[in-house]
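Novice:
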Amino acid sequence: MNKPLKQHLIDPEICIRCYTCEMTCPEEAIVHDDMNVVVDASKCNFCMDCIPVCPTGSIDEWRVVAEPYSVDEQFEWTELPEQEEMGASQDTSIEAMDEAMAALLAEAHAGAGGKAKAPASASKPSINMYTLGKPAEATVQGNYRLTAEGSDTDVRHIILDFGGQPMPVLEGQSIGIIPPGTDADGKAHLPRLYSVSSPRDGERPNYNNVSLTVKREEQGLCSNYVCDLKPGDKVKVTGPFGATFLIPDDPEARLLMICTGTGSAPMRSFTMRRQRTVGARSGGMVMFFGARSPDALPYFGPLKKVPQSLLHQHLVFSRLDGQPKEYVQDRMRAEEDEVADLLQDPKTHIYICGLRGMEEGVEKAFTNIAESIGEQWTALRDTMRGEGRYHVETY
Ligand code: NAP
């Protein structure tokens with residue numbers, strides 16, 4: 007029967023030919039010649055043992071094919087082929103035969119902002135290297151309170167070290183933390199997702215570590231577990247996840263970042279990435295960041311040290327004594343000219359992250375600001391989304 011098949015492939019453009027996957031594969035399904043490292047479809051049984059050992063993520067490539075590509079064909083490739091178009095009847099059998107693949111993709115798209123596309127110049131993310139069945143084990147390196155001691159809001163900066171296990175996380179991606187113990191039915195808890203707040207080369211440059219920004223929620227099973235972690239504790243981690251909420255590599259891209267509370271996590275990683283790579287030579291970044299008060303704003307102290315020329319900051323507070331409530335969307339309106347200038351620039355990328363409730367207000371602010379320059383916001387937004395320049399991640 008000519009059924010479509012899922013085929014495991016390796017991206018020849020990213021693979022560094024270290025052959026770790028070949029040495030790991032228990033089926034001897036991975037082979038190489040002078041050009042490429044490839045997977046023999048007749049031997050691969052999807053055990054996934056090769057996925058976490060790959061230092062680049064080039065191993066995590068999949069195509070649904072009517073006929074598998076042969077080893078000899080793959081040896082000739084300088085880049086991966088596009089996914090072939092499949093007929094409707096074949097699509098049905100793909101769904102039926104391959105739940106694992108569907109789960110993999112569903113996880114990858116979770117939190118990626120609807121039908122958003124990755125920025126054209128973004129680096130290629132690795133996803134799903136570690137799963138619930140085969141998580142990575144990280145060691146806690148640090149746990150620091152980010153909000154003032156007296157503040158009701160307890161937000162923590164957690165640093166996780168992955169030692170020798172590869173964890174190639176790009177800015178804007180998330181990882182899953184598996185809380186220990188079981189639920190009422192005796193089943194292991196499912197992972198909770200947290201955006202990374204460190205850049206790809208590590209919280210400390212060139213260390214294999216990742217930071218998270220986590221707020222303690224009164225009844226939160228995982229947030230209390232994470233916020234109470236001590237240096238040296240071991241943590242089970244899944245991921246990385248997310249393939250669209252990514253920073254463009256183009257240094258001239260302008261970033262408009264709008265966030266509330268811990269939604270600032272990816273914005274911190276973007277800012278650090280830019281600081282470490284292009285600095286003030288970049289197209290620039292503008293941030294509207296909302297919190298109840300300076301005491302409750304994560305990274306308030308460190309942010310004050312980031313020059314406004316690199317990151318133009320609008321810190322917006324909703325509960326200051328004697329002051330009217332102000333939300334990010336109010337400040338965007340007050341700074342209409344700056345936002346309008348960004349909206350008109352085809353190099354602008356918009357990122358919105360934080361409370362789901364902020365979306366409506368932010369949309370209205372964009373609508374009014376777009377009108378002021380004779381643009382229709384929904385049309386502009388759809389164009390930006392189609393070009394990989396509009397990204398939303400709200401919970
Ligand atoms: P929060 O402290 O509850 O709120 C932050 C600010 O947003 C406050 O000033 C709040 O004002 C204001 N706000 C409330 N409703 C708003 C609205 N409709 N429009 C605009 N601003 C509004 O925030 P949080 O608890 O840190 O929550 C952040 C959200 O980000 C969470 O849902 C979290 O899941 C999500 N997130 C977290 C991560 C992560 O990695 N940790 C990543 C992505 C997203 P008032 O309270 O005064 O009304």
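Under our numbering, the first residue of the sequence shown is numbered 7, with each subsequent residue one higher. By construction, the Cβ of each residue, glycine as well, lies at the ideal position given by its N, Cα and C atoms. Only a predicted model underlies this, so the values are computations on that prediction, with no experimental measurement involved.
1. For TRP383, does the three-state DSSP call read helix, strand or coil?
2. Is the beta carbon of ARG260 less than 9 angstroms from the beta carbon of THR354?
3. So, helix, strand or coil for CYS265, using DSSP?
4. Can CYS233 be considered in contact with the ligand NAP, in the sense that its beta carbon sits closer than 8 angstroms to one or more heavy atoms?
5. Please report the distance separating the alpha-carbon of SER217 from that of PHE168.
6. Does any heavy atom of the ligand NAP sit closer than 8 angstroms to the C-beta of MET173?
7. Do three or more CB pairs link the stretch 372-382 to the stretch 270-280 at distances below 8 angstroms?
8. Please go through the same chain and pick out, in chain order, the residues whose beta-carbon is closer than 6 angstroms to the beta-carbon of LEU227, but skip the five residues on each side of it.
9. Please name the residue in GLY394, VAL398, ASN42 and GLU143 whose C-alpha comes closest to that of ASN214.
10. Within its chain, find whatever has a CB closer than 8 angstroms to the CB of SER129; leave out the 5 residues flanking it on each side and keep chain order.
11. Which residue from GLU34, LYS236, LEU196 and MET29 puts its Cα closest to that of TYR426?
12. Quick one: what does DSSP say LEU348 is sitting in, helix, strand or coil?
13. Distance check for VAL146 and SER76, CA to CA, integer angstroms please.
14. Would you check whether the ligand NAP has a heavy atom nearer than 8 angstroms to the C-beta of MET263?
15. Would you mind giving the Cβ-Cβ distance between ASP336 and GLY156, rounded to the nearest angstrom? I have them listed as a contact below 8 angstroms.
16. Once the 5 residues before and after ARG325 are set aside, which same chain residues still bring their CB inside 6 angstroms of it?
17. Closer than 8 angstroms: is that where the CB of ALA142 sits relative to any heavy atom of the ligand NAP?
18. Per DSSP, what kind of secondary structure is MET54 in: helix, strand or coil?
19. Compute the minimum distance between the beta carbon of TYR150 and the heavy atoms of the ligand NAP, and state whether it is under 8 angstroms.
20. For SER315, I'd like the list of residues in its chain whose CB is within less than 6 angstroms of its CB, leaving aside the five on either flank, ordered along the chain.
21. Let me check understanding here. Comparing Cα to Cα, which of VAL292, ARG274 and TYR333 lies closest to TYR305?
22. Going by DSSP, what residues sit across from ALA144 in a beta bridge?
23. Do you know whose CA, among GLN319, PRO272 and ALA271, lies nearest MET291's CA?
24. Does any heavy atom of the ligand NAP sit closer than 8 angstroms to the C-beta of LEU176?
25. Of all the beta strand (DSSP E) runs that stay within the bounds of the stretch 118-194, which reach a length of 3 or more residues?
26. Could you check whether PRO131 and PRO246 sit closer than 9 angstroms to each other, using their CB atoms as the reference points?
27. In angstroms with no decimal places, state the Cα-to-Cα distance between LEU111 and GLN350.
28. For a test of your reading of the model: does the CB of GLU11 fall under 8 angstroms from any non-hydrogen atom of the ligand NAP? Yes or no.
29. How is the beta strand (DSSP E) around TYR200 delimited, first residue to last?
30. With a threshold of 8 angstroms (Cβ to nearest heavy atom), would TYR357 be considered close to the ligand NAP?
31. I'd like the list of long-range same chain contacts for SER64, defined as Cβ closer than 6 angstroms, with 5 residues on each side in sequence excluded.
32. Classify TYR53 as buried or exposed, calling it buried when 16 or more other Cβ atoms lie within 10 Å of its own Cβ.
33. Which whole-angstrom value describes the C-beta separation of PHE81 and ASP46, a residue pair presumed to lie in contact below a C-beta threshold of 8 angstroms?
34. Taking the beta carbon of GLY178 as the centre, do at least 16 other beta carbons fall within 10 Å, making it buried, or is it exposed?
35. What's the C-alpha gap between VAL202 and VAL220?
Specialist: To lay it out plainly:
1. helix
2. yes
3. strand
4. no
5. 11 angstroms
6. no
7. no
8. PRO185
9. GLU143
10. LEU176, ARG206, LEU252 and ASP255
11. Nothing about residue 426 can be read from this structure; the chain reaches only from 7 to 401.
12. helix
13. 44 angstroms
14. no
15. With 8 angstroms as the limit, ASP336 and GLY156 do not qualify as a contact, their Cβ atoms being about 26 angstroms apart.
16. ARG298 and SER299
17. no
18. coil
19. no
20. ALA286
21. ARG274
22. VAL241
23. GLN319
24. no
25. 142-151, 161-167 and 180-184
26. yes
27. In this prediction, LEU111 scores a pLDDT of 34, lower than 50, which makes its location untrustworthy; no coordinate-derived value is stated.
28. Note on identity: in this sequence residue 11 is Leu, with Glu being the wrong assignment. Because no heavy atom of the ligand NAP lies under 8 angstroms away, the Cβ of LEU11 does not count as near it: no.
29. 198-201
30. no
31. ILE16, ASP17, ILE20 and CYS21
32. Per the sequence shown, residue 53 should be read as Cys rather than Tyr. Exposed: under 16 other Cβ atoms inside 10 Å.
33. Their Cβ separation, rounded to whole angstroms, is 11 angstroms, which puts PHE81 and ASP46 out of contact at 8 angstroms.
34. buried
35. 10 angstroms
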